[in-house]
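Undergrad: Starting off with a structure, shown below.
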Amino acid sequence: MAHYRSLGAVPPKRHTQFRPEGDALAFEELMGEEGFSSDSSLLYHRHIPSAMTGSEVWELPDTRTVPNHPMKPRHLKLHELFADDAWRDTDVVDGRRLVLGNGDVRISYVVAGRPSKLYRNGVGDECVYVESGAARVETVFGVLTARAGDYVIIPRATTHRWIPQGEEPLRAYCVEANSHIAPPRRYLSRYGQLLEHAPYCERDLRGPTELIQEDGTDVEVLVKHRGSGGEIVGTRFVQAHHPFDVVGWDGCLYPYTFNIADFEPITGRVHQPPPVHQVFEGVNFVICNFVPRKVDYHPLAIPVPYYHSNVDSDEVMFYCGGDYEARKGSGIGQGSVSLHPGGHAHGPQPGAYERSIGAEFFDELAVMVDTFRPLELGEGGRACDDGVYAWSWAGGRRA
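This is the structure:
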């Protein structure tokens, strides 16, 4: 996110001697994207950030996927993945269950009540949507406070940990990219400022606040990274010193939160296409959100979506609040995910088309991921598939 911030102590000139605590020289670390050619930040450590004393395999949760074949739309009930009080001993990192994925993006779900270990994703950026609950997200850049409705954007290779807050379980919908995640380019000026037609602006983005200072030696950090064959693998690093030793940083690359309630919906006289709901993009996928809003006001408008064929993409909708008018009668509700694969024409459930006529407001909340390569089913997706959604447009009738 090309929006300059600074936190803590930094020297007046880059790449020069900096002694913030007397005689001790701080160690400068550049975190930059695209090989020094895109956004970056400079962090100043009390210890050498590269020093490590151990490395061993971290066995990741099941990351295998199977094709959606024979192809059909699916309804996945995410709330069934974590039963009873199992969440109390689950954390946001190790507890993720893979729902859907391809070579560009992986979508997981977790319900957590326990602090995670230190973690960084060396494969790509993460966008974690907080369905409910709250968390303190501690990072090398400082502290983020995450609440229900927040997107938490964490750049690739940012060391961090999740600490749930309060008695309510932390429900998180995790989108992991093989690329960077950023606001859509059409929302940005050529210098990176959010433009007037964008549905949010820099005032809506909340960056890290206080820095964290922790001492310690031989500190374990879980690292997700790319394997030799393109697969995703894990390593447990043991760092010589605690990574939370940053005394200051500045730049345009850092984690931040954006709350879905701050998204200003774009509406029109007739039904608007999904791109008006876009909030972020990565390589070969986009993230959109559907928020409570006034709907189409042409006198002959049909407010629910028209039937459409996903010629180039798979569409994944996570229903996280309100009452989704177009899906009534399908069994979809809070915590559901619908998968509408490319090659299948989909749209409102039977009766929804007619019922929507005359509606002036939709009270719905959903996060959508559209991918431009086919999605496969992960272990979590297979475990919570309702098995009957595909036939719902035909009243449940199968040939």
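Numbering (the numbering used here), first residue to last: 922 to 1320. C-beta: ideal position from N, C-alpha, C; glycine also.
Any idea which residues DSSP pairs residue 1170 with across the strands?
TA: As a first step, residue 1170 is located in the sequence shown; it is residue number 249 there, counting from the start. Residue 1170 is bridged to 928 and 964.
Undergrad: Classify residue 967 as buried or exposed, calling it buried when 16 or more other Cβ atoms lie within 10 Å of its own Cβ.
TA: Looking up residue 967 in the sequence shown gives position 46. It is buried - the Cβ of residue 967 has at least 16 other Cβ atoms within 10 Å.
Undergrad: Please state whether DSSP places residue 1246 in a helix, a strand or coil.
TA: As a working mapping, residue 1246 is identified with position 325 in the sequence shown. In the structure shown, residue 1246 sits in a helix (DSSP, three-state: H, G or I).
Undergrad: What's the call for residue 1041, buried or exposed, on a 16-neighbour Cβ count within 10 Å?
TA: Within the sequence shown, numbered from 1, the residue matching residue 1041 stands at position 120. Classification of residue 1041: buried, given that the 10 Å Cβ count is 16 or more.
Undergrad: Per the contact definition of three or more C-beta pairs closer than 8 Å, is the stretch 997-1012 in contact with the stretch 1032-1051?
TA: Touching, per the Cβ criterion.
Undergrad: Find the nearest neighbour of residue 1297 within the set 1276, 1151 and 1260, judged by alpha-carbon distance.
TA: Looking up residue 1297 in the sequence shown gives position 376. Selected option, being the one with the closest Cα: 1260.
Undergrad: With residue 1058 and residue 1081 assumed to form a contact (beta carbons below 8 Å), what rounded beta-carbon distance in angstroms separates them?
TA: Along the sequence shown, one-based indexing puts residue 1058 at 137. Along the sequence shown, one-based indexing puts residue 1081 at 160. Residue 1058 to residue 1081, Cβ: 6 Å. Contact.
Undergrad: Taking DSSP's pairing of strands, which residues face residue 1048 in a bridge?
TA: Taking the first residue of the sequence shown as 1, we reach residue 1048 at position 127. In DSSP, residue 1048 forms a bridge with 1074 and 1096.
Undergrad: Could you tell me whether the Cβ atoms of residue 1212 and residue 1194 are closer together than 8 Å?
TA: Position 291 of the sequence shown, counting from 1, holds the residue named residue 1212. Position 273 of the sequence shown, counting from 1, holds the residue named residue 1194. Taking 8 Å as the Cβ cut-off, residue 1212 and residue 1194 do not qualify as a contacting pair.
Undergrad: Straight-line CA distance for residue 1273 to residue 964?
TA: For this step, residue 1273 is matched to residue 352 along the sequence shown. For this step, residue 964 is matched to residue 43 along the sequence shown. So the two alpha carbons sit approximately 53 Å from each other.
Undergrad: From 1106, 1226, 1061 and 1139, pick the residue whose C-alpha is nearest to that of residue 1176; which is it?
TA: Counting from one through the sequence shown, the residue named residue 1176 turns up at place 255. That would be 1061, whose Cα lies nearest to the Cα of residue 1176.
Undergrad: Using only the alpha-carbon positions, how far apart do residue 1285 and residue 945 sit?
TA: Position 364 of the sequence shown holds residue 1285. Position 24 of the sequence shown holds residue 945. The alpha-carbon atoms of residue 1285 and residue 945 are separated by roughly 55 Å.
Undergrad: Beta-carbon within less than 7 Å of residue 1178's beta-carbon, same chain only, minus the 5 sequence neighbours each way: which residues are those?
TA: Sequence index remark: in the sequence shown, residue 1178 carries index 257 (1-based). Answer for residue 1178: 1065, 1067, 1071, 1072, 1073 and 1127, listed in chain order.
Undergrad: Going by DSSP, which residues form a beta bridge with residue 1042?
TA: Looking up residue 1042 in the sequence shown gives position 121. Partner(s): 1145.
Undergrad: Compare the Cα-Cα distances from residue 1202 to each of 949, 1092, 1257 and 1025 and report the closest residue.
TA: For the purposes of this step, residue 1202 is identified with residue 281 of the sequence shown, where counting begins at 1. Closest by alpha carbon: 1025.
Undergrad: In whole angstroms, what separates the C-alpha of residue 979 from that of residue 1079?
TA: Working through the sequence shown from its first residue, we reach residue 979 at position 58. Working through the sequence shown from its first residue, we reach residue 1079 at position 158. Spanning the two alpha carbons is a distance of roughly 18 Å.
Undergrad: Does DSSP classify residue 1101 as helix, strand or coil?
TA: As a first step, residue 1101 must be located in the sequence shown, where it is residue number 180. Note: residue 1101 maps to coil in three-state DSSP.
Undergrad: Helix, strand or coil, according to DSSP, for residue 1217 in the structure here?
TA: Here residue 1217 refers to the residue found at position 296 when the sequence shown is read from its first residue. Residue 1217 falls in the coil class under three-state DSSP.
Undergrad: Considering only DSSP beta bridges, list what residue 1260 is partnered with.
TA: For the purposes of this step, residue 1260 is taken as the residue at position 339 of the sequence shown. DSSP lists 995 and 1237 as partners of residue 1260.
Undergrad: Quick check: the stretch 1292-1307 against the stretch 1216-1227, are there 3 or more CB pairs under 8 Å?
TA: The answer is no - the stretch 1216-1227 does not touch the stretch 1292-1307, with fewer than three Cβ pairs under 8 Å.
Undergrad: For residue 994, collect the residues of the same chain with a Cβ closer than 8 Å to its Cβ; drop the 5 residues on either side in sequence, then sort them by chain order.
TA: Taking the first residue of the sequence shown as position 1, residue 994 is located at position 73. If we look at residue 994 and ignore the five residues flanking it on each side, its Cβ neighbours are 1259, 1260, 1261, 1262, 1265, 1267, 1310 and 1311.
Undergrad: For a test of the three-state rule: what should DSSP assign to residue 1340, helix, strand or coil?
TA: Outside the shown range of the chain, which is 922 to 1320, sits residue 1340, and nothing can be said about it.
Undergrad: Use the C-beta contact count for residue 1208: other C-beta atoms within 10 angstroms, 16 or more gives buried, fewer gives exposed.
TA: Looking up residue 1208 in the sequence shown gives position 287. Flag for residue 1208 reads buried.
Undergrad: Residue 1197 and residue 1210 look like a contact to me (Cβ under 8 Å); what is the Cβ gap, rounded to whole Å?
TA: As a position in the sequence shown, residue 1197 is number 276, starting the count at 1. As a position in the sequence shown, residue 1210 is number 289, starting the count at 1. Their Cβ separation, rounded to whole angstroms, is 11 Å, which puts residue 1197 and residue 1210 out of contact at 8 Å.
Undergrad: So is residue 951 buried or exposed if we call it buried at 16+ other beta carbons inside 10 Å?
TA: Along the sequence shown, one-based indexing puts residue 951 at 30. Exposed, since its Cβ has fewer than 16 Cβ neighbours within 10 Å.
Undergrad: Among residues of its own chain, excluding the 5 on either side of residue 1002, which ones have a beta-carbon nearer than 8 Å to its beta-carbon?
TA: Within the sequence shown, the letter at position 81 stands for residue 1002. Correct list, in chain order: 1018, 1030, 1032, 1301, 1304 and 1305.
Undergrad: With DSSP collapsed to three states, give me the class of residue 1177.
TA: The sequence position of residue 1177 within the sequence shown is 256, counting from 1. Strand at residue 1177.
Undergrad: With 16 as the cutoff for other CB atoms within 10 Å, does residue 1145 come out buried or exposed?
TA: Within the sequence shown, numbered from 1, the residue matching residue 1145 stands at position 224. Counting Cβ neighbours within 10 Å, residue 1145 comes out buried, since at least 16 surround it.
Undergrad: Would you kindly work out how many angstroms separate the C-alpha atoms of residue 1282 and residue 1241, rounded to a whole number?
TA: Translated into positions along the sequence shown, residue 1282 becomes position 361. Translated into positions along the sequence shown, residue 1241 becomes position 320. Taking the straight line joining both Cα atoms gives about 18 Å.
Undergrad: Under 8 Å between the Cβ atoms of residue 1045 and residue 1099?
TA: Indexing the sequence shown from 1 puts residue 1045 at position 124. Indexing the sequence shown from 1 puts residue 1099 at position 178. Cβ atoms of residue 1045 and residue 1099: closer than 8 Å.
Undergrad: Grab me the residues of residue 1122's own chain with a C-beta within less than 8 Å of its C-beta, minus the 5 sequence neighbours each way, in chain order.
TA: Sequence index remark: in the sequence shown, residue 1122 carries index 201 (1-based). 1115, listed in sequence order.
Undergrad: In the DSSP assignment, what residue or residues form a beta bridge with residue 1079?
TA: Here residue 1079 corresponds to residue number 158 of the sequence shown, with the count starting at 1. In the DSSP output, where bridge partners are listed per residue, residue 1079 has none listed.
Undergrad: Please classify residue 976: is it buried, with 16 or more other beta-carbons within 10 angstroms of its beta-carbon, or exposed?
TA: Your numbering for residue 976 matches position 55 in the sequence shown. So residue 976 ends up on the exposed side.
Undergrad: Name the DSSP beta bridge partners of residue 1066, please?
TA: For the purposes of this step, residue 1066 is taken as the residue at position 145 of the sequence shown. Paired residue(s): 1057.
Undergrad: Going by the CB atoms, is the gap between residue 1076 and residue 1174 shorter than 8 Å?
TA: Within the sequence shown, residue 1174 is the residue found at index 253, counting from 1. Within the sequence shown, residue 1076 is the residue found at index 155, counting from 1. Cβ distance < 8 Å, so residue 1174 and residue 1076 count as in contact.
Undergrad: Between which residues of its own chain and residue 1039 is the CB-CB distance below 8 Å, once the five residues before and five after are set aside?
TA: Along the sequence shown, one-based indexing puts residue 1039 at 118. The answer, listed in chain order, is 1080, 1081, 1082, 1140, 1141, 1142, 1143 and 1164.
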